[in-house]
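Residues in the sequence shown are numbered from 1 upward in steps of one, following the UniProt record's numbering.
In this text, a Cβ means the ideal position worked out from N, Cα and C, and glycines have one as well.
Since the structure is predicted, the reported quantities are computational estimates derived from the model, not experimental observations.
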Amino acid sequence: MGILKLIREIGKVTIRERSVNKSLDPCDDFYQFVCDGWKKKYPVPKDQLNYNQMYVLNDQLNEAIRDVLTHKNKSLGREFQLMYTYFDKCVEYQEDPGDDGLKDLFKKLRRYHSPSIKTLTDFLIASFPTQTFFKFSIDLDPENSTVKVFAISPHSSTLSFDQYFNEDIASSRDLYNAMISQTLTMLAEESENKDELFSKDTAARMLRAYTIVDMNLAKIINDSDGIKGENMQLEDISLKFKAIDWIKYLNAALSKSGWNYVKTKGILIEGPLLIKKYEDFISELDENVLRDYLDVRTVIAAMNDLPKKYQDLYEKLMEQYYGVVTLDKQKACFENIKEIFPDLLSVVYVDKYFNKSSIDDIAKLVNVIRNTMIEMLDEEGWMNFFTREKAKLKAENIAEIIAYDPQMYNETKRKEKYQNLTFTDSTSYYVINNIVEIWTLNMEIEDVSTPFGRGTVEFNAVEVNAFYQPQTNMIILLAGILHPPFFNASLPTILNYASMGLIVGHELTHAFDDTGSKFDEVGNMVNWWDTRTEEDFVNKTKCFEQQYGNITVVDGKRIRINGHDTLGENIADNGGVKLTIRAMQKVLDESKFHIVGLEEFTIEQLFFMVYGFSWCGNVKEEGLVQQVTTDVHSPDKQVLITFLLIL
Ligand SMILES: [Zn+2]
1 MGILKLIREI GKVTIRERSV NKSLDPCDDF YQFVCDGWKK KYPVPKDQLN
51 YNQMYVLNDQ LNEAIRDVLT HKNKSLGREF QLMYTYFDKC VEYQEDPGDD
101 GLKDLFKKLR RYHSPSIKTL TDFLIASFPT QTFFKFSIDL DPENSTVKVF
151 AISPHSSTLS FDQYFNEDIA SSRDLYNAMI SQTLTMLAEE SENKDELFSK
201 DTAARMLRAY TIVDMNLAKI INDSDGIKGE NMQLEDISLK FKAIDWIKYL
251 NAALSKSGWN YVKTKGILIE GPLLIKKYED FISELDENVL RDYLDVRTVI
301 AAMNDLPKKY QDLYEKLMEQ YYGVVTLDKQ KACFENIKEI FPDLLSVVYV
351 DKYFNKSSID DIAKLVNVIR NTMIEMLDEE GWMNFFTREK AKLKAENIAE
401 IIAYDPQMYN ETKRKEKYQN LTFTDSTSYY VINNIVEIWT LNMEIEDVST
451 PFGRGTVEFN AVEVNAFYQP QTNMIILLAG ILHPPFFNAS LPTILNYASM
501 GLIVGHELTH AFDDTGSKFD EVGNMVNWWD TRTEEDFVNK TKCFEQQYGN
551 ITVVDGKRIR INGHDTLGEN IADNGGVKLT IRAMQKVLDE SKFHIVGLEE
601 FTIEQLFFMV YGFSWCGNVK EEGLVQQVTT DVHSPDKQVL ITFLLIL
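If you want it as structure tokens, here you go:
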């Protein structure tokens, strides 16, 4: 729905969508006032915990993806045909995964129990590319965002500290434990005939061992204060973290991928303190407990690939604990395709479903809002002069990617990228995924020596999302979100301020939130703040942290917003509103603005109503629990009403 149509519909509440309920007092509950009709019309579907305008748009996007993947274009190159084949195999697999995954799981477990596996290092090598306790990634050097580094970081526990220790949100823990415990029991039943590894007694013992270890990892993470990177040489890592033979591990796991230590310019250890605590904890563990834990982690990693009866079990448990059923199995395939073939999916989607001529309109909108931001920085009297000038420089340098990365149309680059990925429609889906996993890792490792920067990053345009990337100082507005109710090119630009404009304002403000403020105008992690201004900034953020941290989202339960984790988003929401409303006032000629049926509202009131409307949503209690424990965004309702209190 376009904004104009939307405003009209808000106006015609008694006739059409009845979203605004004028019988309610907006000062009492603004969210309900704006969203009452929407909330009644769109209850949470059976396969979701949460449903809002983003989900509605996402459902439309999924239909578009289904369309471009089903209606194959045979005239496109080899790489596109690979994507189509992958999709067909995936859809088949969702219906019936067969028993490849089960066979492979038993084979792996037998291998891990062979006499040649004596130490934790041996196990880590044997289980690679599955990574337990620690994970490898290619990250950016925080001090120089043009250089990519090979990074080792601690793997988090499977469940979080809150999930283990807050009884009010115990349902997610209970669901997970039920899934693992019943999987182990079923595996024990299957293996009684074929395998010596499991019996019903060992299944119970394994679950106990797993829970003890995982719960302790969650505690260690909870007690430690964040992850800070430290660049180290391989030799130093081995001296500092002794429970694992790192050189042996890295060489054995990565040499086949062409990993070359010299090319990687040191290794970034993310969270060295945490890694040390992990190591200390692991080396104290009883050998049998560790063995059981590793076995269960192996089983968890294989759960998605187990035969149909296991998948049916998980669905039943999801329904029992969360009241959620899977309605559309193809969705899982869409997600895989987005990850493996982001550029190819973007090409076929953008060509058919995105109006490229709207890019200029959005660029204009971004420009007005960015200029307003620079102007407003001048008014921030609490900032010291030099810091303020640096902040303005940073704002001036924020670049934007609108809709998609033009490089996706570079055919030579595309062909080169996919030339080493090979499978056919007679390869099993399970094997295809193993091939893809190794291909991805090899590609990342090969890519480590290429400098990083604007123009070298790949984006999947087929996503209902917009974000700020501190390492390039860019905002990215993906094609998937540039649709109604967030954007409609055919309407006067002005009407897009209260929806897309606010998203732009939000993303621009991320450049100065608790994380963004640590990066400079080219994206390096450099402290450009003078000490006193920085102190003032931190004090101001404390106020946000407290205010949001005190909000209870379910009456009578200890389920609160995490003021610390959501800080960046809350800053962006509040800054974004202040910024965008000012930008809108600059371009708007109020005397010419008239909407039939909504004469009683001022432009500012309409601005908030349209904004509120684009965040209408329904959520189940389990969804709220999941959101406040795992999401850095505050729930929709709080996003809307909390800043109204602050303004
Ligand atoms: Zn955000």
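Who pairs with residue i in a beta bridge, going by DSSP?
i	result
Q469	M474
P154	F134
T552	R560
N231	L268
E400	I475
V619	N50
L140	K148
Use the C-beta contact count for residue i: other C-beta atoms within 10 angstroms, 16 or more gives buried, fewer gives exposed.
i	result
E95	exposed
H564	exposed
P635	buried
N524	buried
A188	buried
L345	buried
A203	buried
N288	exposed
D295	buried
N539	exposed
V325	exposed
V632	exposed
P115	exposed
residue 648	Absent from the model: residue 648. The displayed extent of the chain is 1 to 647, so no value can be given.
Provide the residue span of the beta strand (DSSP E) that contains residue i, from first to last.
i	result
A204	Unbroken run through A204 is the alpha helix (DSSP H), 200-223; no beta strand (DSSP E).
K524	Going by the sequence as given, residue 524 is Asn instead of Lys. Looking at the DSSP string, N524 is not in any beta strand (DSSP E), and its letter there is neither H nor E.
Return helix, strand or coil for residue i, following the three-state DSSP convention.
i	result
K148	strand
G384	Here the sequence assigns Asn to residue 384, which means Gly is not the residue at that position. Note: N384 maps to coil in three-state DSSP.
N177	helix
Q638	helix
N433	helix
C27	coil
E9	Any answer about E9 is weak, because its pLDDT of 42 lies below 50 and its placement is not dependable; what the coordinates show is given next. It is helical.
G77	coil
W529	coil
N21	coil
S171	helix
N304	helix
E284	helix
R454	coil
A498	helix
E534	helix
I481	helix
P115	coil
D631	coil
Q419	coil
T424	coil
Do residue i and residue j have their C-beta atoms within less than 8 Å of each other?
i	j	result
I401	I476	yes
T457	G480	The residue asked about is misnamed: residue 457 is Val in this sequence, not Thr. Their beta carbons are not under 8 Å apart, which means V457 does not touch G480 by this criterion.
G229	I269	yes
L24	D36	yes
M373	A403	no
E507	Y468	yes
R560	V628	yes
Y353	D292	no
M408	V34	no
S283	L482	no
G516	P470	yes
F87	C333	yes
I432	K103	no
G501	L365	yes
Y429	Y93	yes
Y249	L124	yes
Tell me which residue opens and which closes the alpha helix (DSSP H) that residue i is part of.
i	result
Y249	246-254
A64	53-70
E463	Where E463 is concerned, there is no enclosing alpha helix (DSSP H), given that its DSSP letter is neither H nor E.
E167	Element bounds for E167: n/a, residue is neither H nor E.
V368	359-377
D104	100-112
F607	603-614
A583	567-587
T121	120-127
Does the beta carbon of residue i come closer than 8 Å to any beta carbon on chain B?
i	result
N562	This model lacks chain B altogether, as it is built from one protein chain only.
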